[in-house]
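One structure is given here, and the rest of the page talks about it.
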Amino acid sequence: MMDDQKQVTVQILNAFTENDKGGNPAGVVLNADALSHENKLAIAQKVGLSETAFISHSKTADYKLDFYTPTKQIAHCGHATVAAFSYLKQLGLLKSNSSSKETIDGNRKIEIQGDLAFMEQLAPTFVDPVDRENDILNSLGLSKTDLLPNAPMQVVNTGNSFLLIPVKDAKTLEDIAPNFDAIERISEAYDLIGYYIFTTDAAAEIDATARMFAPRYGILEEAGTGMAAGPLASYLFHVLQIKKTTFKIQQGKYMSPPSSSAIEVQLQLENEIITGLMAGGKGVVAAQVDIDFTE
């Protein structure tokens, strides 16, 4: 290895696993304090997963987490958070079942419930993208008759913005034909992470099944997106009036190949208003890789 070359060990964990299978892989790097922004981006590119979490010391929380896709840094990432704190718990590095993370967008609470790691998200905000409805439908190869009746598209943000698109049944969700260039343009216009298309036509124990497309961040389709599941649970409660406090979200079932994920969202309410939420799941160690990078 050349003098200016260094090596870092990356743990690969599958987050939001369903019965310890499937899930969404994320990279986790411990002791990342000495890594620069450029180092982290280069490492994330070489890891090649949708997100990699870099864990450093924090003066304001238990740990500082920086999240990188293969193309850029992102403020929050659900599955990489679940992966990181699942791994920290397995290493015995968490002092209690209540923890916290520092991010570039402020601090968030973390809770460990048995084998599940949950992360705090903010109260939802809703924006109506009605002026681009036809463009959005065209970008997915859908027509208005494919949508769930009386369920408007919404841009929902609980820390990151996602465009929620309710379709009428599982077959419609499975048959979506995404135009990634068009999705990227619309995502740029609304400052989205990506699209979260879902149906409530799901198994009895599941509240909704979803697909997530985020080409703006170098992610064509993702198996489990905790930062999108929070907005979806908020939509189910607020827009579809499903008055529950815990929602089970499935994702990744219709990917090729399938990698089914299970995300649990727990809403926090005051007078029937969502004031915050926790989204989480289980992280399982899948592999370890050594990445070379230039200092």
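Residue numbering for the sequence shown follows numbering that gives the first Met the number 0, starting at 0 and increasing by one per position.
Every residue gets a Cβ at the ideal spot worked out from N, C-alpha and C, and that includes glycine.
Just so you know, these numbers come straight off a predicted model, no measurement behind them.
Burial state of residue i, where buried means 16 or more other Cβ atoms lie within 10 Å
i, result
"Glu183", "buried"
"Asp61", "buried"
"Pro214", "buried"
"Met0", "Its pLDDT being 47, under 50, Met0 is placed unreliably by the model, and the measurement read from it follows with that caveat. Exposed, because fewer than 16 other Cβ atoms sit within 10 Å of the Cβ of Met0."
"Asp65", "buried"
"Asp127", "exposed"
"Pro165", "buried"
"Val46", "buried"
Enclosing beta strand (DSSP E) for residue i [first to last residue]
i, result
"Gly26", "23-28"
"Phe246", "245-250"
"Glu269", "260-269"
"Ala203", "Here Ala203 belongs to no beta strand (DSSP E), and DSSP marks it neither H nor E."
"Ser160", "160-165"
"Tyr195", "193-198"
"Thr124", "124-126"
"Asn96", "That residue, Asn96, is in no beta strand (DSSP E); it is neither H nor E in DSSP."
Beta-bridge partners of residue i, as assigned by DSSP
i, result
"Ile54", "Leu64"
"Ile111", "Ala116"
"Gly105", "Thr102"
"Glu221", "Met211"
"Asp289", "Thr8"
"Lys20", "Glu17"
"Tyr253", "According to DSSP, which records beta bridges pairwise, Tyr253 is partnered with nothing at all."
"Val154", "Val126, Leu162"
"Gln72", "Tyr67"
Same chain, Cβ closer than 7 Å to residue i, neighbours up to 5 away in sequence not counted
i, result
"Ser160", "Val154, Tyr189, Asp190, Leu191, Ile192"
"Tyr234", "Gln153, Val155, Leu163"
Endpoints, the alpha helix (DSSP H) within which residue i is located
i, result
"Asn38", "36-46"
"Met277", "It is not in any alpha helix (DSSP H) - Met277 instead sits in the beta strand (DSSP E) that spans 272-280."
"Ser85", "77-89"
"Pro230", "225-237"
"Asn133", "132-139"
Proximity test, residue i beta-carbon vs the ligand GDP heavy atom, cut-off 7 Å
i, result
"Gly47", "This structure lacks the ligand GDP, and indeed carries no ligand of any kind."
Same chain, Cβ closer than 6 Å to residue i, five either side skipped, listed in chain order
i, result
"Cys76", "Glu50, Phe66"
"Leu29", "Ile54"
"Asp200", "Asp168, Ala169"
"Phe212", "Pro177, Ile182, Gly193, Tyr194, Glu220"
Short Cβ contact (8 Å threshold) for residue i with residue j
i, j, result
"Leu276", "Gln89", "no"
"Glu37", "Ala261", "no"
"Ala222", "Ile11", "no"
"Asp14", "Gly26", "Correcting the residue identity first, residue 14 is Ala in this sequence and not Asp. Going by C-beta atoms, Ala14 is not nearer than 8 Å to Gly26."
"Met118", "Ala232", "no"
"Leu139", "Ile175", "yes"
"Pro230", "Pro151", "no"
Short CB-CB distance (under 8 Å) between residue i and chain D
i, result
"Phe125", "Among the chains of the structure shown, chain D does not appear; only one protein chain is present."
Same chain, Cβ closer than 8 Å to residue i, five either side skipped, listed in chain order
i, result
"Asn96", "Glu110, Ile111, Gln112"
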